[in-house]
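So the mapping is simple: the working numbering equals the position in the sequence shown, first residue as 1, plus 222.
Cβ atoms here follow ideal geometry from the backbone N, Cα and C, with glycine treated the same way.
All values reported here derive from a predicted model rather than from experimental measurement.
Worksheet: one structure, shown below.
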Amino acid sequence: MLKIISKYCPFIKNIVKYVFTMNIVMFTDAYYPRVNGVAVSVKSYAEELARLGHRVCIVCPDYNSNYVDEYDKDTFFKHFFYEYAPYGDKNLELLRIPSDKLLWSHEDRAVRLNQWHTVKEQVDKFKPDVVHVNSEFVMGWYGVAYARHAHIALVFTFHTLWEDYLENYLHMIPSAFSQKIGRDLVKFYLKRADEIIVPTERIKSVIKRYGIDRPSDILPTGIPSKIVDYDEKKALDFNEKFFSEFPLLKDKRILLFVGRIVKEKNLSFLFPIITRVVKSFPDVALLFVGGGPELENIKNEAKKIDMDESIFFTDYRPREELVYFYHLSSVFVFPSLTETQGLVTVEAMMTGLPVVAIGEMGTLDVMQGDNGGFMVKNDEKLFADKVIQLLTDKELYAKKSKEAKEWGNKWSMKSLTPQLVKLFEKGIKIKKEKVL
């Protein structure tokens with residue numbers, strides 16, 4: 223009834239929005255300009271929450287600050303600033319906190335440990351109803367500390383399976399030890415959260431394996447529809463510029479990978495795939511769109527197989543360009559074995575681009591079988607055969623393209639954000655019951 227009344231009466235609509243909205247503070251160790259799954263998730267949900275009328279404050283690193291370059295005893299403890307959403311929505315603000323470069327990751331930053339009082343004072347002004355922690359390092363710890371300080375609900379999203387990821391960064395220690403560090407890191411947050419959000423059923427099962435008995439619910443990261451908005455005029459300009467940069471790709475059918483170029487993406491798996499496919503279709507090429515710490519290494523691996531006319535790299539590209547890469551390509555290929563969600567797979571499907579992916583982790587939950595393409599085992603021949611099948615059979619390709627678009631649209635942000643609001647409300651209720 224409230225929906226019907228608010229739809230036709232702006233005054234009532236404003237009252238409904240005021241009464242049923244909340245102040246939400248999101249803590250994250252990764253945010254734009256850093257691009258990864260956590261940053262995308264936080265940004266996407268924050269913008270949609272703001273659009274629905276909720277006030278959102280994202281507490282995140284300042285990527286321009288650096289202790290070595292900027293240390294000043296008079297300003298070191300005060301160096302923070304606010305910024306607002308680029309489209310001017312005052313419901314969404316960012317509190318940027320000083321951070322420093324990490325020795326083992328050029329892309330990531332560590333927020334300074336001496337900033338707790340700054341964070342506490344600034345977030346107090348925001349008067350949040352709920353704390354949403356999205357990462358497990360210094361900023362995540364600040365989120366836990368703030369929820370305890372303010373006696374408000376703590377909601378934690380378990381984005382990253384650190385027991386599998388840490389060994390890619392901590393090469394100097396045995397994998398069994400790095401896995402234990404990863405488990406303990408996440409368990410610290412799981413034990414303190416009033417409500418736990420997981421992106422997939424598989425991650426939910428990990429919580430049980432860790433022996434954590436806390437409320438948890440599945441909520442994947444939604445995809446804003448604007449991300450896959452396609453403009454034909456812009457597409458013509460994009461294609462002209464792209465093919466002038468990569469003239470050898472102009473008459474090729476493209477197997478596309480989009481994502482960070484890092485070890486955990488299992489990207490070298492795609493080299494024998496393109497080798498097999500090119501034997502049947504010389505007009506096919508493999509295109510990597512993305513940058514990362516392993517870019518030079520993966521380029522060197524590609525040179526060893528002597529396929530300069532069939533393998534190409536773009537490095538980082540603006541997010542708004544991705545939709546044009548999807549439309550340029552014939553098949554989206556995704557070899558990751560450790561992905562918790564695989565958001566780019568969903569984006570590709572939303573544009574109608576069929577997918578061939580290894581059925582592990584988040585891919586299992588996203589595709590749930592051969593929806594929108596083919597989900598295969600970690601087998602080079604099987605993977606290549608499915609790619610060849612799509613390139614050969616036009617009727618099958620059209621069917622999978624239509625299926626991909628329909629399946630991908632289930633992950634639209636508009637349909638998922640109201641569920642997030644309900645989980646915040648659930649966390650608040652659980653916290654109140656604990657206090658009583």
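Practice problem: Quickly, what does DSSP pair SER321 with across the bridge? List them, please. | Solution: According to DSSP, residue pairing for SER321 in a beta bridge involves VAL333.
Self-check item: Per-residue DSSP class, three states only, for PHE556
Solution: In the three-state reduction of the DSSP assignment, PHE556 falls in the strand class, which pools E and B.
Quiz item: Helix, strand or coil: how does DSSP classify PRO283 here?
Solution: Looking at PRO283 - three-state DSSP - the assignment turns out to be strand.
Quiz item: Do you know offhand how far TRP384's Cα is from LEU559's?
Solution: Taking the straight line joining both Cα atoms gives about 14 Å.
Self-check item: Assigned exposure category for ASP351 - 16 Cβ within 10 Å defines buried
Solution: Buried, because 16 or more other Cβ atoms sit within 10 Å of the Cβ of ASP351.
Practice problem: Determine the DSSP secondary structure at ASN631, reduced to helix, strand or coil. | Solution: Helix.
Quiz item: Any idea which residues DSSP pairs ARG277 with across the strands?
Solution: Note: ARG277 sits in a beta bridge opposite ASN245.
Quiz item: Considering MET589, what are the terminal residues of the alpha helix (DSSP H) in which it resides?
Solution: In the DSSP annotation of this structure, the continuous segment of the alpha helix (DSSP H) that includes MET589 starts and ends at 584-589.
Quiz prompt | Neighbourhood of THR243 by C-beta, 8 Å cutoff - its chain only, sequence neighbours within 5 removed | solution = Closer than 8 Å at Cβ, skipping near neighbours: LEU274, GLY275, HIS276 and ARG277.
Quiz item: When the Cα of GLY259 is compared with those of ASN356, ALA332 and ASN519, which residue comes out closest?
Solution: Here the closest residue by C-alpha is ASN356.
Quiz item: ILE440 by DSSP, collapsed to three states: which one?
Solution: It is a strand residue.
Quiz item: I think THR567 touches PHE556, with their Cβ atoms under 8 Å apart; what is that distance to the nearest whole Å?
Solution: THR567 to PHE556, Cβ: 5 Å. Contact.
Exercise. Taking only the alpha-carbon atoms, compute the straight-line gap between ASP439 and PHE410 and give it to the nearest angstrom.
Key: Taking the straight line joining both Cα atoms gives about 18 Å.
Quiz item: For the beta strand (DSSP E) that GLU305 lies in, which residues bound it at each end?
Solution: Boundaries of the beta strand (DSSP E) around GLU305: 303-306.
Practice problem: Determine the direct distance from the alpha carbon of LYS342 to that of GLU358, and round the result to whole angstroms. | Solution: The straight-line gap from Cα to Cα measures roughly 18 Å.
Self-check item: Of the residues LEU508, GLY584 and PHE596, the one placed nearest PHE547, counting alpha carbons only
Solution: Measuring C-alpha to C-alpha distances from PHE547 to each of LEU508, GLY584 and PHE596 identifies LEU508 as the nearest.
Practice problem: To the nearest angstrom, report how far apart GLU633 and ASP451 are at their CA atoms. | Solution: The sequence shown places Trp at residue 633, not Glu. Spanning the two alpha carbons is a distance of roughly 15 Å.
Quiz item: Between TYR254, PHE302, VAL480 and ALA570, which lies nearest to THR340 when the distance is taken from Cα to Cα?
Solution: The candidate whose alpha carbon is nearest that of THR340 is PHE302.
Quiz item: For GLU569 versus MET583, is the C-beta spacing smaller than 8 Å?
Solution: Here GLU569 is not near MET583, since their CB atoms are 8 Å or more apart.
Quiz item: So is ASP291 buried or exposed if we call it buried at 16+ other beta carbons inside 10 Å?
Solution: The predicted position of ASP291 is uncertain, since its pLDDT is 43 and thus under 50; a value taken from the coordinates is nonetheless stated next. With fewer than 16 other Cβ atoms from the protein chains shown falling within 10 Å of its own Cβ, ASP291 counts as exposed.
Quiz prompt | Pairwise C-alpha distance: ASP406 and VAL484 | solution = Their backbone Cα atoms lie some 24 Å apart in a straight line.
Exercise. Rounded to whole angstroms, what's the CA-CA distance from GLU417 to LYS653? Just pull it up for me.
Key: Answer to the nearest angstrom: the Cα atoms are 9 Å apart.
Quiz item: In three-state DSSP terms, what is GLU467?
Solution: Residue state for GLU467 is assigned as helix, using DSSP reduced to three classes.
Exercise. Flag this pair as yes or no: are the beta carbons of ALA375 and ALA367 separated by less than 8 Å?
Key: No, these two residues do not count as a Cβ contact at 8 Å.
Quiz prompt | Endpoints, beta strand (DSSP E) assigned at LEU509 | solution = Segment 506-511, the beta strand (DSSP E) holding LEU509.
Quiz prompt | Proximity of ILE280 and TYR304 at Cβ, strictly below 8 Å | solution = No, these two residues do not count as a Cβ contact at 8 Å.
Self-check item: Beta-carbon gap between GLY591 and VAL577 smaller than 8 Å
Solution: Their beta carbons are not under 8 Å apart, which means GLY591 does not touch VAL577 by this criterion.
Practice problem: Please state if the CB of ASP346 and the CB of ARG256 are separated by a distance shorter than 8 Å. | Solution: No; because the gap between Cβ atoms is not below 8 Å, this pair is not in contact.
Exercise. Spatial neighbours of LEU612 within its chain, please: CB distance less than 8 Å, with the 5 preceding and 5 following residues excluded, ordered by chain position.
Key: In chain order, SER552, VAL553, PRO576, VAL578, GLY595, PHE596, LEU618, TYR619 and LYS622 place their CB closer than 8 Å to the CB of LEU612, counting only its own chain and leaving out the 5 sequence neighbours on each side.
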